Every structure is written in C-alpha cells, then in structure tokens.
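K.L.:
Just passing along the structure, written as structure tokens.
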C-alpha cells in the first residue's frame, strides 16, 4: 500500500529532481500553448472555409460583379479570404481599366493577377500563422522529455551509490519519476503532430480553391474587357 502511494503520479512529480521538474514544467507549458493554438486554428480555418464556400456560391450564382465588389469593399474586415482576394483583383481591374492611356488588355489583366496573387499570399500567411509552432512542439517535445528521463535515471543511479544493497523498491521510484518526463513529452507532442497534419491539409485545400478561383476569375475579366 505504501509503495502504491509512493508511486502515485503526484508523488513522482513532486519528488522528482529539480532538473526533471523544470523539464516537466516546460512540457506542460508547451502542451497548453499547443492546445490554445489548436482550438484557435480550428476556429479560424472553419470560418475561412465556411465564408469562402459561401462567397463562391454567390459568385457562381450569376450575381453582378459590381454588386459583389461593392459588398466586399464595405465589409472587408468581416469578409472571408476568397472574398478579399476577389476584392483585390476587381479593384485593380477597375482602376486599370479606367486609367487614361492604358488600353492594353494584357496589362490590365496582369495587374489584376498580381493584385490577387498578393492578396492570396497574405491570406495564406494568415492561415499558416502559429502552424510552425505546432510542428516544432510535435518534433521537439519527445526529445525534451527524453532529456528529462535520462537526467532522472542518472540522478536515481547516483543516489544508489550511497546504498549498500540496491533493490527494486529503491530503484523503481527514481526510474518511474524519470519516465514521467517522457510520458508528458509524448502527451505534448502527439496532439501537436496530429493537429499540424490536419491543419496543413486543410490549408492546402483552401490554397487550391483560391488558386482555382483566381484563374477562373481572370478568364471572366478577360472576356469582359
């Protein structure tokens, strides 16, 4: 019964060496920040996907481009990424078309393309924000935990040097508290890796949707001009 109490998780953490406790604290902080980023990114990507799909339905429903442009201009902060890309391209197209002395359609279309590509890059960078942290947390956390485990085992064996007869009861607590660091490292790493892969896939799908829309919209502008 006493062995069970000594081997409880709380006891293993509180009685671990100072270095191992620091490692555990770092991993817990990494895990908390990772989960905060996971929930935030889940909301951001869900909203971007929903608003982009909604705007694409409105765009292909046969609505007037000028009406869509005016609406996008008035609600730029509340619009989705695809709508902001459309607004950037349409704005540059209208500005270049109304500019005196500019009659070359290829220059006008090329200006709209560059404006939409720049907007696309800004939106993509916004969607990828904090994603590298999840990748770093997923790749580094197990090694941080392993460092804590190795240090804890070394500390446990150094303590055995003062004991005349080493038994399982004397070795087990030190080994167990060291292995807790590895467990916490895996707890921090696994959700971060899973979330990173899922979010990276979602961002790639949105990027394909944006690029396809840009090319199709440019074709429409070329026909109109």
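In UniProt numbering, the protein residues as written are 1 to 225.
Note that beta-carbon positions come from the ideal geometry of N, C-alpha and C, so glycine has one too.
Computed from a predicted model, the values in this text were never measured in an experiment.
So, helix, strand or coil for residue 17, using DSSP?
P.N.:
DSSP places residue 17 in coil when its eight states are reduced to three.
K.L.:
Have a look at residue 125 and residue 91 and give me their C-alpha separation to the nearest angstrom.
P.N.:
Distance between the alpha carbons of residue 125 and residue 91: 21 Å.
K.L.:
For residue 145 and residue 23, which I take to be in contact (beta-carbon distance under 8 Å), what is that distance rounded to the nearest angstrom?
P.N.:
At roughly 7 Å, the Cβ-Cβ gap stays under 8 Å, so residue 145 and residue 23 are in contact.
K.L.:
Can you say whether residue 37 is buried or exposed, counting buried as having 16 or more other CB atoms within 10 angstroms of its CB?
P.N.:
Buried, since its Cβ has 16 or more Cβ neighbours within 10 Å.
K.L.:
Compute the minimum distance between the beta carbon of residue 22 and the heavy atoms of the ligand ATP, and state whether it is under 7 Å.
P.N.:
Absence of the ligand ATP is noted for the structure shown, with no ligands found whatsoever.
K.L.:
Taking the alpha-carbon of residue 110 as reference, which of 45, 89, 21 and 42 has the nearest alpha-carbon?
P.N.:
The candidate whose alpha carbon is nearest that of residue 110 is 89.
K.L.:
Counting only runs of 4+ residues fully inside the region 54-80, write out the alpha helix (DSSP H) ranges in chain order.
P.N.:
Runs found: 65-74.
K.L.:
Please state the DSSP three-state secondary structure of residue 158.
P.N.:
Here residue 158 sits in helix by DSSP.
K.L.:
Answer with buried or exposed for residue 108, where buried requires no fewer than 16 other C-beta atoms within 10 angstroms of its C-beta.
P.N.:
By the 10 Å Cβ count, residue 108 comes out buried.
K.L.:
When you compare the region 29-46 with the region 55-75, are there three or more beta-carbon pairs, one atom per stretch, that lie closer than 8 Å?
P.N.:
No: the two stretches stay apart, fewer than three of their Cβ pairs being nearer than 8 Å.
K.L.:
Comparing the C-beta of residue 203 with each C-beta of chain B, is any distance below 8 Å?
P.N.:
Looking for chain B here will not work: only one protein chain is present.
K.L.:
Out of curiosity, what's the CA-to-CA distance linking residue 119 and residue 85?
P.N.:
About 5 Å.
K.L.:
Cα separation between residue 180 and residue 30?
P.N.:
Rounded to whole angstroms, residue 180 to residue 30 spans 16 Å at the Cα level.
K.L.:
Within the continuous alpha helix (DSSP H) that includes residue 130, where are the two ends?
P.N.:
Unbroken run through residue 130: none, as it is neither H nor E.
K.L.:
For residue 50, tell me which candidate among 216, 222, 224 and 205 has the shortest Cα-Cα distance.
P.N.:
Cα-wise, what sits closest to residue 50 is 205.
K.L.:
Leaving out the 5 sequence neighbours to the left and right, which residues in its chain are closer than 6 Å to residue 214 when beta-carbon positions are compared?
P.N.:
Closer than 6 Å at the Cβ level, and outside the excluded window around residue 214, lie 116.
K.L.:
Would you tell me roughly how many angstroms separate the C-alpha atoms of residue 152 and residue 25, rounded to the nearest one?
P.N.:
Rounded to the nearest angstrom, the two C-alpha atoms are 15 Å apart.
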